[in-house]
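Participant: This is the structure, below, for whatever I ask next.
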Amino acid sequence: DGTVHGNVPSFSGYATAALGDPTCAFLTKRFVQLGDWRLAEFDDQHLTVSHRDGKTSAIYSRSGNRSYGPRTDYNSWNFDSGDILQGSAEGCVSISSTSYITSQSVTSTPEIVVKFSSDLAADIKGIEDLFKVYDGANAETELVITGASLKSGDPSTLQLALSSKPSSEVSYQVSTVGDVPTKDPLEIVPAGSVHDLTVASWDYLQIGNWRLGRTCELCDNSHFSISSDTSMLTSQIFQNTGTLHPGPRSDYNGFDVGADTGPTYSVDSIAFGDYGVQVRDWRIRQIDDTHLSVTHENGNVSRIYRSDGTLHGRVNSFSGYAAPLGEPKCAYLAESYLQIGDWRFSKYDATHLSVAHRE
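Count along the sequence shown from 1, add 458, and you get the number used in the numbering used here.
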């Protein structure tokens with residue numbers, strides 16, 4: 459995250475293992491790379507320490523001065539690597555996750571999403587032929603991959619289209635059958651890389667033509683939005699900072715699957731509990747007889763609805779995380795409404811979603 463800390467012996471480079479053979483540790487003319495970190499000669503005056511994710515932790519100057527992050531400038535990860543002088547780039551890039559999203563109403567074909575630890579090269583010809591999806595117990599039983607494309611705005615994510623849906627009774631694996639090039643010519647995802655396929659679901663609740671859901675996987679903050687597909691507009695965004703961002707707006711829409719700010723997905727996406735529902739890292743919960751709140755897992759309350767029809771916000775003592783979610787009790791989703799205790803989020807008509815109390 460760009461911060462700097464010191465004198466924590468448990469983080470010693472000597473504490474856990476022998477140095478071992480070179481793995482993603484190499485020297486070029488401009489930098490030394492150690493995993494996801496680079497110590498680089500940024501220009502003729504500065505040496506920087508920066509992370510692959512875009513944060514710079516430290517800047518050292520020839521004048522003898524230094525400055526610490528977090529900051530986003532002086533980052534060396536856009537440098538061309540050039541030739542390796544010492545060490546090895548093997549192991550720098552790997553498959554981070556492979557997911558099959560069970561709710562496929564948003565796409566016409568089954569799809570597996572493969573995430574990598576670095577951006578892939580653009581326009582890789584025949585990239586679908588570099589992957590294999592198969593039964594982990596019988597590698598000869600394969601699912602046919604019909605196409606592949608990088609996700610718009612996220613070149614570290616590859617979408618593999620399948621000819622048929624994976625069976626719920628089979629544990630699948632995804633592997634590379636050839637070297638997969640990345641944007642850095644020195645780094646590849648080697649043939650033979652294997653990752654277990656996980657089953658994920660979209661992080662939203664759908665009420666008619668409305669979705670209440672988490673959006674924008676790559677954003678620094680977590681967002682929960684209320685949006686419709688009628689005009690592809692977003693009416694309200696709740697942020698984990700406890701702030702509110704009203705519409706109308708066209709980003710952070712739970713129906714805009716291809717957008718950077720579109721819906722997210724996860725393994726444990728939706729869970730109903732005691733007068734509440736959890737959507738990944740957000741909860742909608744009845745707090746007492748008169749209050750319902752929208753809360754992030756960090757404890758920040760973005761919205762409080764009161765039974766007298768008034769709205770309130772950022773009173774963290776009304777957190778939906780103050781108690782365990784518990785077993786489902788008076789919390790359920792129907793076709794046209796979500797009921798949480800004495801409250802309903804309802805598709806009132808073709809153009810309106812309402813939040814109403816039983817009284």
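Ideal placement from N, C-alpha and C gives every residue a C-beta, glycine not left out.
#1: Hey, could you find the ends of the beta strand (DSSP E) residue 567 is sitting in?
#2: May I ask which residues mark the beginning and end of the beta strand (DSSP E) holding residue 654?
#3: So which of 546, 500, 611 has the shortest CA-CA distance to residue 480?
#4: Under 8 Å by Cβ, that's how I've got residue 712 and residue 761 pegged, so tell me the actual separation to the nearest angstrom.
#5: Bridge partners of residue 473, per DSSP?
#6: Could you pull out every residue in the same chain whose Cβ sits closer than 6 Å to the Cβ of residue 813, ignoring the five residues on either side in sequence?
#7: Buried or exposed for residue 738, please, with buried defined as at least 16 other CB atoms from any protein chain shown within 10 angstroms of its CB.
#8: Can you name the residues that DSSP bridges to residue 668?
#9: Going by beta carbon distance, what residues of the same chain come within less than 8 Å of residue 795, once the five residues before and after it are set aside?
#10: Based on DSSP bridge pairs, tell me the residues matched to residue 681.
#11: Have a look at residue 696 and residue 682 and give me their C-alpha separation to the nearest angstrom.
#12: Per DSSP, what kind of secondary structure is residue 582 in: helix, strand or coil?
#13: Between which two residues does the beta strand (DSSP E) containing residue 528 stretch?
#14: Is the segment 460-470 in contact with the segment 524-543, if contact means three or more CB pairs nearer than 8 Å?
#15: Return helix, strand or coil for residue 648, following the three-state DSSP convention.
#16: Does DSSP put residue 706 in a helix, in a strand, or in coil?
#17: Just to confirm, is the Cβ distance from residue 779 to residue 748 under 8 Å?
Facilitator: According to the data block:
#1: Note, residue 567: premise wrong, no beta strand (DSSP E); not H, not E.
#2: 652-654
#3: Of 546, 500, 611, the residue nearest in Cα terms is 546.
#4: Not quite, the Cβ-Cβ distance comes to about 17 Å (not below 8 Å), so this is no contact.
#5: DSSP output for residue 473 lists no bridge partner at all.
#6: 763, 803
#7: Per the 10 Å Cβ criterion, buried.
#8: 665, 686
#9: 665, 802, 803, 804, 805
#10: Partner(s): 673, 697.
#11: A direct Cα-Cα distance of roughly 5 Å separates residue 696 from residue 682.
#12: coil
#13: Residues 524-529.
#14: yes
#15: coil
#16: Strand.
#17: Result no, Cβ atoms of residue 779 and residue 748 do not sit closer than 8 Å.
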